[in-house]
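The structure under discussion appears below in the form of C-alpha cells.
Protein chains: 2
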Amino acid sequence: MTQDARDEVDRLVAAWRAERPDLDVEPLQVLSRVSRLAKHLDRARRAAFAEHDLEPWEFDVLTALRRAGKPYELSPGALLRATLVTSGTMTNRIDRLAQAGLVVRRPDPEDRRGVLVTLTETGLARVDAAFADLLRREHDLLSGLGPADQRTLAGLLRTLLTPFDS
Amino acid sequence: MTQDARDEVDRLVAAWRAERPDLDVEPLQVLSRVSRLAKHLDRARRAAFAEHDLEPWEFDVLTALRRAGKPYELSPGALLRATLVTSGTMTNRIDRLAQAGLVVRRPDPEDRRGVLVTLTETGLARVDAAFADLLRREHDLLSGLGPADQRTLAGLLRTLLTPFDS
DNA sequence: GTGTACTGTCTTGACATCGAGATATATGTC
DNA sequence: GACATATATCTCGATGTCAAGACAGTACAC
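From first to last, the protein sequence lines stand for chains A and B.
For the first sequence, our numbering gives the first residue as 646, with consecutive numbering after it.
For the second sequence, our numbering gives the first residue as 646, with consecutive numbering after it.
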C-alpha cells in the first residue's frame, strides 16, 4: 500500500504513520507540500529580485501598483488588501519605497483621511525588469509539468483557495 | 479564450494580461496560488495552535522531535535541517522551548561539540494534542476535493518539489 | 602528532513584521 | 446638526528571523 518515499514529504508522512498509526495524516500530502513549495519559492524569488536590487516585499508593493495600470496609483488600504499584510507594515513599506525613490505619496484629493501612492518612472522601470525576470524563472520551475498538468494543478489549487476569498 | 475570474489569482492574471500582453504570465496560475494558499495555511495553523498554547515555530520543532520516535531526541543540526531555518534561529527556539519546559538540552555523549534536544513529557503531550487538532482542521480545508483529486494534487506538487530535495 | 579543513552550535546586530492603539476624517441615524 | 460608528492611516513596542562570524571540537592527510 505504501509506496517508496520519493520526496521529503513522503518521508515525513511515513514517519508519522509509524509513530501515530491511529491518525489519518493524508492531509499532509497536500498541505505540507504547499507550505514547503512556498518556502522554496520565496527563496527563488529573493534570488531573482536581488539582481534588480529589490527585496521581495518591495516587489510585492510595486507589482500591485503596476498591475493597477496608469497612473499606477493606489491607496495604502488597497495595497494592504492586495498584499495581505497589516497596516503598520504597509506604512513602513511605503516609507522606505518613497525614500528609495520608487514611489511617491500624495494626499487623496477626494478623501482627506486618505493618501495615494504612485509609482515613479524609476519604480516602473525597476518592477518591469524584475517581473520579466521572475516569470522566466517561474517558467523554469514549472518545466517539470506539461501544459495540461499545469492547468490541472492550477484548477485544484483554485478550489482550495476559493473559501478564503471570502 | 479568457474565462471569468473565479478567484483572486484569476483577477491578478487578468490584470497582468491587460497591462503586459507581451509576457506569458501562465506560471502565476500555479505559483501565485501556492504562495497564497501557504499564507492562508499559516494563519489557520496559528489559530489551531493557539488553543494549545503553542506558536507555529514551537510546533515545528516539537513535531520534528515527535516524529523521530523514542526517545524523541535530535541534535540542533538535525532540527534545523528538518525545519528549514538557520542555526541562529534554532538556538533561539530551543532556548525558549527549554524555558517553557517542553524540551531539555543535554550534551551529546559521543561528540563534545554537540548537543541533544529531547522532548519532555509535557512537550510530548502538548504536541500530540496540537497535531491531532491540526489534522482535523486540515482535513476540513481539503474537504472541497475528493480523494482522487487530493492524490492528483499531491502528485503534481511532489513533481514540483523534487528538484528542491537536492 | 601536527596542521588544515570541516562540522556543530551559539552570539550578535540589523531588520521586517505584527498587533494594539492613536488620530483624523467620513458616514449614517435620530 | 449632533452623536455614534466606521474607515484610513500612522505610531510604537515587542518579537522572530536571518546573516555573518566566533568558538570549540573533530577528522584526515602527511
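C-beta: ideal position from N, C-alpha, C; glycine also.
**Asked** DSSP three-state call for residue 718 of chain B: helix, strand or coil?
**Response** DSSP places residue 718 of chain B within a strand segment (E or B) once states are collapsed to three.
**Asked** Taking residue 736 of chain A as the reference, which of A:706, A:788 and A:656 has the closest Cα?
**Response** Residue A:706 is the option with its Cα nearest to residue 736 of chain A.
**Asked** residue 724 of chain B by DSSP, collapsed to three states: which one?
**Response** Here residue 724 of chain B sits in helix by DSSP.
**Prompt:** According to DSSP, is residue 670 of chain B helix, strand or coil?
**Reply:** coil
**Request:** Quick one: residues in its chain with C-beta nearer than 8 Å to the C-beta of residue 654 of chain A, no 5 flanking neighbours on either side, listed in chain order?
**Result:** 673, 674, 677, 678 and 681
**Request:** For residue 767 of chain B, go through chain A and note every residue whose CB falls closer than 7 Å to its CB, in chain order.
**Result:** Within 7 Å Cβ-Cβ: nothing; residue 767 of chain B doesn't reach chain A, min ~18 Å.
**Item:** Where residue 751 of chain B sits in the DSSP three-state scheme
**Value:** strand
**Asked** Taking just the CA atoms, how far does residue 781 of chain B sit from residue 805 of chain A?
**Response** In a straight line, the C-alpha of residue 805 of chain A is about 16 Å away from that of residue 781 of chain B.
**Message:** Among B:690, B:750, B:767 and B:699, whose alpha-carbon lies nearest the alpha-carbon of residue 718 of chain B?
**Reply:** B:750
**Message:** Give me the DSSP bridge partner(s) of residue 763 of chain B.
**Reply:** B:718 and B:749
**Asked** Does the beta-carbon distance from residue 742 of chain B to residue 703 of chain B come in below 8 Å?
**Response** Contact: yes.
**Among B:748, B:722, B:660 and B:670, the one whose alpha carbon lies nearest that of residue 772 of chain B** = Taking the Cα of residue 772 of chain B as reference, the smallest distance to any Cα among B:748, B:722, B:660 and B:670 is reached at B:748.
**Message:** Check whether chain A comes within 8 Å of residue 764 of chain B, counting only Cβ atoms and requiring the distance to be less than that.
**Reply:** No Cβ of chain A is located within less than 8 Å of the beta carbon of residue 764 of chain B.
**Item:** Listed by chain order, chain B residues near residue 784 of chain A by CB distance under 9 Å
**Value:** 669, 671 and 672
**Request:** Can you grab the Cα-Cα spacing for the pair residue 694 of chain A / residue 757 of chain B, in whole Å?
**Result:** 41 Å
**Message:** Just to make sure I have the definition right: I need the residues of chain A whose C-beta is within less than 7 Å of the C-beta of residue 662 of chain B. Which are they?
**Reply:** Within chain A, no residue comes near residue 662 of chain B; the closest Cβ sits about 10 Å away, beyond 7 Å.
**Asked** In the stretch 739–752 of chain A, which residues sit with their C-beta less than 9 Å from some C-beta in chain B, listed in chain order?
**Response** none
**Message:** Which same chain residues end up closer than 8 Å to residue 708 of chain B when comparing Cβ atoms and leaving out the 5 residues on each side of it in sequence?
**Reply:** 772 and 776
**Message:** Is it buried or exposed, residue 766 of chain A, if we count other Cβ atoms within 10 angstroms and call 16 or more buried?
**Reply:** exposed
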